[in-house]
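To start, the structure itself, in structure tokens.
Written out as structure tokens, the structure reads:
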């Protein structure tokens, strides 16, 4: 891909105005200006960013009438970029993140220019002290967060997506609302033959957080895991995957209320429609195993 055109998309619920300002200022300081910047107000009004921050490129605010969740909000940005038709790669950033280095967008452009089948690039996420949480490393176990390479998943907080890949695989699973949407998209990308690269030189500074801070965490995480397996895994792997995660949840969860919510979500995932079933091919299963993460873990 010669000189791919880059866009930046940010989804916010309006509760982090200071952080969004800082993020957009860090985008404005990049040594490669994005073609477009899209900010989505997920069920909230947006302030006048462009006038206050002197943003580069074309700025497009989108105000949604309701909160569609993280994947739904990102889909709104992608659909608008698709309508413009002049962007090849979209960089999606959490609204409380920060691009510390000024060359992030240029590095993203160069990675995609060098590989026509590069679908997803995952950034390294670290807090203000440079520490990366274990859950933010897209490999099993205590893997070195500075070891890049091809992987089976990516980090939702900071990443880049090929628009050509999205045209083939489809967009984010909006019905997930929150949790496991990255895995659903990554598995579709891998099954379609697109590569997923973890590039630790691309840093998004992000506060250290726990996903359990969200009130819906336990229920939605369990529901979406069941939906994910029903949608994407070959039938023999579904009980294996779910059985492993039931055991892990029993071992890891210390809250009785959290366990009740998790199993309630698990049953919801079994009862409710999971959406279109399009299981990955067995050769994709083998490919994910060779990359170090079988799709049952």
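In UniProt numbering, the protein residues as written are 1 to 297.
Just so it is clear, CB atoms sit at the ideal spot from N, CA and C, and this is done for glycine as well.
Anticipated Cβ contact below 8 angstroms, residue i with residue j, distance rounded
i	j	result
residue 242	residue 220	Not confirmed; about 16 angstroms, so no contact.
residue 117	residue 184	The pair is not a contact, with the Cβ atoms about 20 angstroms apart (cut-off 8 angstroms).
residue 154	residue 122	3 angstroms
Extent of the continuous beta strand (DSSP E) to which residue i belongs
i	result
residue 89	89-94
residue 158	158-162
residue 120	118-126
residue 60	58-63
residue 36	36-41
residue 132	No beta strand (DSSP E) contains residue 132, which DSSP labels as neither H nor E.
residue 12	6-12
Residue from the options with nearest C-alpha to residue i
i	options	result
residue 269	238, 256, 285 and 188	238
residue 4	15, 14, 32 and 94	32
residue 159	249, 104, 282 and 84	104
residue 276	173, 75, 97 and 257	173
residue 207	125, 135 and 288	125
residue 182	263, 146, 157 and 167	157
residue 10	72, 86, 2 and 140	72
residue 17	100, 40 and 162	40
residue 271	229, 223 and 249	223
residue 193	205, 179, 216 and 166	166
residue 51	61, 282 and 42	61
residue 297	228, 273 and 76	228
residue 128	96, 180 and 168	96
residue 264	280, 279 and 216	216
residue 79	250, 204 and 170	170
residue 66	281, 291, 209 and 12	12
residue 248	235, 236 and 262	262
residue 150	138, 142, 92 and 30	138
residue 291	134, 196 and 234	196
residue 100	250, 204, 255 and 94	204
Same chain only: Cβ atoms within 7 angstroms of residue i, ignoring 5 sequence neighbours per side
i	result
residue 267	none
residue 25	53
residue 57	33, 34, 35, 36 and 37
residue 22	98
residue 258	218
residue 288	152, 190, 294 and 295
residue 46	39, 61 and 63
Cβ shell of residue i (< 6 angstroms), same chain only, five flanking positions each side left out
i	result
residue 284	190 and 191
residue 253	259
residue 148	198, 199 and 200
residue 274	227, 230 and 231
Contacting residues, own chain, Cβ-Cβ under 8 angstroms from residue i (five flanking each side not counted)
i	result
residue 107	199, 201 and 202
residue 55	24, 27, 28, 37 and 49
residue 2	113
residue 109	3, 4, 6, 32 and 89
residue 81	7, 9, 36, 38, 87, 90 and 163
residue 240	296
residue 146	124 and 200
Limits of the unbroken alpha helix (DSSP H) element including residue i
i	result
residue 252	237-252
residue 52	49-53
residue 78	69-84
residue 284	282-290
residue 144	Residue 144 -> no alpha helix (DSSP H), and no H or E assigned at all.
residue 265	256-271
residue 108	104-113
residue 138	That residue, residue 138, is in no alpha helix (DSSP H); it is neither H nor E in DSSP.
Pick out the complete alpha helix (DSSP H) segments inside the segment 184-232, 4 residues or longer, and give them in chain order.
-> 217-232
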